[in-house]
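Numbering (this note's numbering), first residue to last: 89 to 576. Presented below is the structure to which this report refers.
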Amino acid sequence: MVSAEFDPFAKTGGLADVLASLPKALARRGLDVRVAIPRYGSVDLTGVSRRPGIARFDLPFNGRQEPVRLDAVEIDGFEVVLIDNEHYVSTRPGIYGYPDDGHRFTFFARAALETARVLDWRPDVIHCHDWHTGLIPNWLRTTDRHAPEFADTASLFTIHNLEYQGHFDSSVLETSGLAPDGLIPHPTRPDLSDVFVFMARGILFADKINTVSPRYAREILTPDFGHDLDPLLRDREPDLHGILNGIDIEAYNPAADPYLASHYAVETLERRAPNKAALQQAVDLPVQPDVPLLGMVTRLAEHKGMDLLLASLPHILDRGAQLVVLGIGEPRYEEALRELALAHPNQVAAAIRFDNPLASQIYAGSDIFLMPSRHEPCGLGQLIAMRYGSVPVVRATGGLADTVEDVNPATDTGVGFVFRRYDAIDFFGAVARALELYRIPDAWTRIIQRGMSRDSSWDTSAAAYERLYAEALTTRRTQPLPDLATAS
Ligand code: GLC
Numbered sequence: 089m090v091s092a093e094f095d096p097f098a099k100t101g102g103l104a105d106v107l108a109s110l111p112k113a114l115a116r117r118g119l120d121v122r123v124a125i126p127r128y129g130s131v132d133l134t135g136v137s138r139r140p141g142i143a144r145f146d147l148p149f150n151g152r153q154e155p156v157r158l159d160a161v162e163i164d165g166f167e168v169v170l171i172d173n174e175h176y177v178s179t180r181p182g183i184y185g186y187p188d189d190g191h192r193f194t195f196f197a198r199a200a201l202e203t204a205r206v207l208d209w210r211p212d213v214i215h216c217h218d219w220h221t222g223l224i225p226n227w228l229r230t231t232d233r234h235a236p237e238f239a240d241t242a243s244l245f246t247i248h249n250l251e252y253q254g255h256f257d258s259s260v261l262e263t264s265g266l267a268p269d270g271l272i273p274h275p276t277r278p279d280l281s282d283v284f285v286f287m288a289r290g291i292l293f294a295d296k297i298n299t300v301s302p303r304y305a306r307e308i309l310t311p312d313f314g315h316d317l318d319p320l321l322r323d324r325e326p327d328l329h330g331i332l333n334g335i336d337i338e339a340y341n342p343a344a345d346p347y348l349a350s351h352y353a354v355e356t357l358e359r360r361a362p363n364k365a366a367l368q369q370a371v372d373l374p375v376q377p378d379v380p381l382l383g384m385v386t387r388l389a390e391h392k393g394m395d396l397l398l399a400s401l402p403h404i405l406d407r408g409a410q411l412v413v414l415g416i417g418e419p420r421y422e423e424a425l426r427e428l429a430l431a432h433p434n435q436v437a438a439a440i441r442f443d444n445p446l447a448s449q450i451y452a453g454s455d456i457f458l459m460p461s462r463h464e465p466c467g468l469g470q471l472i473a474m475r476y477g478s479v480p481v482v483r484a485t486g487g488l489a490d491t492v493e494d495v496n497p498a499t500d501t502g503v504g505f506v507f508r509r510y511d512a513i514d515f516f517g518a519v520a521r522a523l524e525l526y527r528i529p530d531a532w533t534r535i536i537q538r539g540m541s542r543d544s545s546w547d548t549s550a551a552a553y554e555r556l557y558a559e560a561l562t563t564r565r566t567q568p569l570p571d572l573a574t575a576s
């Protein structure tokens, strides 16, 4: 697997969680998995036992010989190879956001491919995650298609979020060595005809493609969710799959989570209550056991539904609820939340930061967990919330639709509150339904119990990935190369 993020070394979101937990599940099934990640300047290996400098090589790149050094770390039955280079990787503390990110991730992807070669390790499948790795399927099908080391290597490209595509100027054509084939015509945007799109390359060239939920796999075939690449995805529909993410149920376990004031399980729900008090205290809200406490752990981005939250918040506060939001993101949302917390100190708490312990405390201490996303490829927050007994309120999109069944009091079924239209009124309606049922302790407890009993482990999905790897190998052997000229 090749990825720009890996929990705990480099993380901005769910991608990092998946990379830490899927290989573990695959290794348990007997697969030999290695994960290549960049060793950014901020990667902290203190206390991590590793094999330093397992190999070194020079990679010709952008007119220079770039020295590459590899360190290996053994984690949960699989190996992580950290790729280090001074110019593009270790002198940059951040993961993303440098003007030469196009070259940086081209370099990283190329170095990852060379790493397999240098270590003389021949993977059956290179599993590429998100745009940063989109060039690997491209190389395997073009420049490297006759390389004996990769003669039997298939590629799988996983889209964790289609919105982030990696758009760069055409100088990437030269550094990637793909200049002879030229740019690929953009399927919908003539104005992007001179832009190099990493994500499009992954989609076009991978033997198999998948996204992180079945529903999102269907959604991205439409213009509303396709972020301008839907025609390309429709062309590849027979090879496009949806496999739901799991969570690491050992790491996310309310019976053992080191950050919780009180450990509990579905059989010992009464021990959950101290976590609510601890959370209220930690974020400076009045400690009130009977006031419904709403939680959110999120990137503060438009597509996470921040506008819906802000528009409906006055009504939610009118109902007497408390809200705690943890996350970082767009400055306008950070400011709005800070102001709301100042204006309503007894009801709103805003933690504008990245904070794993507080995240756990929110999952374990809140009553209701909000995810009003405009789109959500899978979403891990609702899965963690359910496992920790916080009842999710979600919009019926992507993985949220696939994992949260709407509560129906008449039949005593469902694990959360679902609304359909992306609209503040509809969102508020779902929150209001949740607040109503919250007052009926028996019914509420049964909702929590159903959510906590749900299987969100990787078991089923890891088996699905294993099948898809096998299919990718078959495709690799039988499918002709894509025709660049008709790619659009
Ligand atoms: C991205 C998506 C999220 C998904 C995660 C892991 O962060 O936005 O929905 O759960 O990747 O696949």
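Glycine included, each C-beta is placed from N, C-alpha and C at the ideal position.
With the cut-off set at 9 Å, would you say residue i and residue j are in Cβ contact?
i: S259; j: L223; result: no
i: I535; j: V495; result: yes
i: D336; j: S109; result: yes
i: V206; j: L158; result: yes
i: G504; j: M540; result: no
i: G129; j: R180; result: yes
i: F196; j: A115; result: no
i: S461; j: K392; result: yes
i: L201; j: D172; result: no
i: A438; j: L446; result: no
i: S448; j: Y476; result: yes
i: L398; j: G415; result: no
i: V436; j: L401; result: yes
i: P342; j: A353; result: yes
i: P211; j: V177; result: no
Which residue from the options puts its Cα closest to that of residue i?
i: I331; options: A305, R509, Q449 and L381; result: A305
i: H217; options: R277, D490, W209 and A92; result: A92
i: D547; options: Y176, R210 and N333; result: N333
i: V283; options: I291, T562 and L271; result: L271
i: D120; options: R139, V106, N341 and M89; result: M89
i: P419; options: L430, E390 and H403; result: E390
i: P302; options: A552, P568, T563 and A447; result: A552
i: G486; options: L309, T179, A560 and G101; result: L309
i: T203; options: L397, D146 and H234; result: D146
i: T299; options: T563, W532, G502 and L103; result: L103
i: R360; options: P445, V481 and D455; result: D455
i: N150; options: G477, G182 and T194; result: T194
i: D372; options: E423, V412 and W532; result: V412
i: I142; options: T134, P148, A160 and V131; result: A160
i: R153; options: Y252, A199 and R138; result: According to the sequence displayed, residue 153 carries Gln and not Arg. It is A199 whose Cα lies nearest to the Cα of Q153.
i: P273; options: L561, P319 and R233; result: P319
i: R138; options: I125, V156, L170 and P111; result: L170
i: D316; options: D295, Q470 and L250; result: L250
i: G185; options: G254, H215 and G517; result: G254
i: R322; options: P96, P275, M459 and V177; result: P275
Could you pull the DSSP bridge partners for residue i from this structure?
i: K112; result: None; K112 has no bridge partner.
i: M459; result: V482
i: T622; result: This structure leaves residue 622 out entirely; the chain is present only between 89 and 576.
i: E174; result: None, per the DSSP bridge assignment.
i: L388; result: G417
i: Q410; result: L381
i: E167; result: R122 and E162
i: A429; result: Answer is none; A429 lacks a bridge partner.
Since residue i is in the beta strand (DSSP E), which residue starts that stretch and which ends it?
i: F293; result: Segment F286 to F293 is the alpha helix (DSSP H) holding F293; no beta strand (DSSP E) there.
i: Q153; result: R152 to I163
i: I214; result: V213 to H217
i: A298; result: In the sequence on display, residue 298 carries Asn and not Ala. N298 -> beta strand (DSSP E) spans K296 to T299.
i: I142; result: R138 to F149
i: L332; result: That residue, L332, is in no beta strand (DSSP E); it is neither H nor E in DSSP.
i: F256; result: H255 to D257
i: R122; result: R122 to P126
i: A366; result: Run containing A366: none in the beta strand (DSSP E); it sits in the alpha helix (DSSP H), A361 to A370.
i: K437; result: Going by the sequence as given, residue 437 is Ala instead of Lys. V436 to A439 is the span of the beta strand (DSSP E), which, as asked, contains A437.
Alpha helix (DSSP H) containing residue i: first to last residue?
i: G539; result: P529 to S541
i: P402; result: M394 to D406
i: G517; result: A512 to Y526
i: S243; result: Taken as a continuous stretch (DSSP letters only), S243 belongs to no alpha helix (DSSP H), being part of the beta strand (DSSP E) at A242 to I247.
i: A339; result: Premise fails: A339 is in no alpha helix (DSSP H) and is neither H nor E.
i: M474; result: G469 to R475
i: A552; result: D547 to T566
i: V206; result: D189 to V206
i: E307; result: P302 to E307
i: D323; result: D318 to D323
i: A451; result: Checking the sequence, you will find Tyr at residue 451 rather than Ala. Taken as a continuous stretch (DSSP letters only), the alpha helix (DSSP H) holding Y451 covers N444 to G453.
i: R229; result: L223 to R229
Please confirm whether residue i has its beta-carbon closer than 9 Å to some beta-carbon of chain B.
i: D105; result: Absent here is chain B; the protein component of the structure consists of one chain.
message: Using only Cβ atoms and a threshold of 7 Å, which residues come within that distance of a heavy atom of ligand 1? Order them by chain position.
response: Counting only heavy atoms of ligand 1, the residues whose C-beta sits closer than 7 Å to one of them are, along the chain, G101, G102, L103, D105, V106, H248, N249, V300, N333, E464, P465, C466, G467, L468, G486 and G487.
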